[in-house]
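*Asks:* In the working numbering, the protein residues as written are 43 to 200. Note that the Cβ used here is the ideal one computed from N, Cα and C, for glycine as well.
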Amino acid sequence: RTRQQLQNFANTFNVQPITIPHNRTEVTVSHHAERNVVECLLDQISQSKVGVLTSPEHNVLDPVLVETMLADTITTLKQQTPIRGVVLTGGSTAYTVCRRLGVRQLQLRQRMGFGVVVAQAPELSGMVVGIKGGSLGEMDAFINLVNFQQSLQNSGKL
Numbered sequence: 043r044t045r046q047q048l049q050n051f052a053n054t055f056n057v058q059p060i061t062i063p064h065n066r067t068e069v070t071v072s073h074h075a076e077r078n079v080v081e082c083l084l085d086q087i088s089q090s091k092v093g094v095l096t097s098p099e100h101n102v103l104d105p106v107l108v109e110t111m112l113a114d115t116i117t118t119l120k121q122q123t124p125i126r127g128v129v130l131t132g133g134s135t136a137y138t139v140c141r142r143l144g145v146r147q148l149q150l151r152q153r154m155g156f157g158v159v160v161a162q163a164p165e166l167s168g169m170v171v172g173i174k175g176g177s178l179g180e181m182d183a184f185i186n187l188v189n190f191q192q193s194l195q196n197s198g199k200l
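#1: Pop quiz: ILE29 and VAL128 are said to be a contact at Cβ under 8 Å. What is the actual Cβ separation, rounded to whole angstroms?
#2: Relative to the alpha-carbon of MET154, which residue among MET169, VAL139, MET181 has its alpha-carbon at the smallest distance?
#3: Can you check whether the CB of VAL171 is closer than 8 Å to the CB of LEU130?
#4: Which whole-angstrom value describes the C-beta separation of ILE60 and CYS82, a residue pair presumed to lie in contact below a C-beta threshold of 8 Å?
#5: The alpha helix (DSSP H) that contains ARG45, what's its start and end?
#6: For my contact list, SER90 and ASN56 are in at a C-beta cut-off of 8 Å; report their separation, rounded to the angstrom.
#7: Note the first and the last residue of the continuous alpha helix (DSSP H) segment covering ARG142.
#8: Using CA coordinates, which residue listed in PRO124, PRO105, SER167, GLN58 is at the minimum distance from GLY133?
Written out as structure tokens, the structure reads:
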């Protein structure tokens with residue numbers, strides 16, 4: 043279900059999901075040559091205001107590697123561009139990524155449905171964190187999370 047939700051999001055925002063590579067640094071995306079994951083995400087963010095990084099299908103990577111890669115990528119992106127929000131999926135993955143980023147507590151902003159929430163991370167300068175647990179949420183869960191994050195930011199409520 044998460045893959046379908048992600049594809050729905052990608053179609054809506056006209057972005058090509060970037061898959062975490064097996065070697066952790068190089069990635070091939072249909073419209074990119076082999077490039078660094080962070081460079082690809084920076085391009086996406088500059089063009090469409092959103093970037094999509096996903097793990098390979100069929101769980102071919104160790105979950106610890108995926109969590110480390112996500113946390114490292116978010117940290118690097120924050121150093122290079124003003125990221126104001128992220129959406130994480132999978133309760134365990136979201137928890138571990140937040141811990142690796144130094145988040146000790148999330149402040150709930152909005153419940154978006156069963157297993158889908160928007161929170162703020164004080165340790166990350168108030169960054170908005172959307173979390174969608176596993177295969178939970180409606181087909182437009184990612185779209186709703188990003189739209190809500192953007193509305194909070196645009197309204198000055200952050």
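*Replies:* This is what the structure gives:
#1: The question about residue 29 has no answer here: the residues shown for the chain are numbered 43 through 200.
#2: MET181
#3: yes
#4: 5 Å
#5: 44–55
#6: 6 Å
#7: 133–142
#8: PRO105
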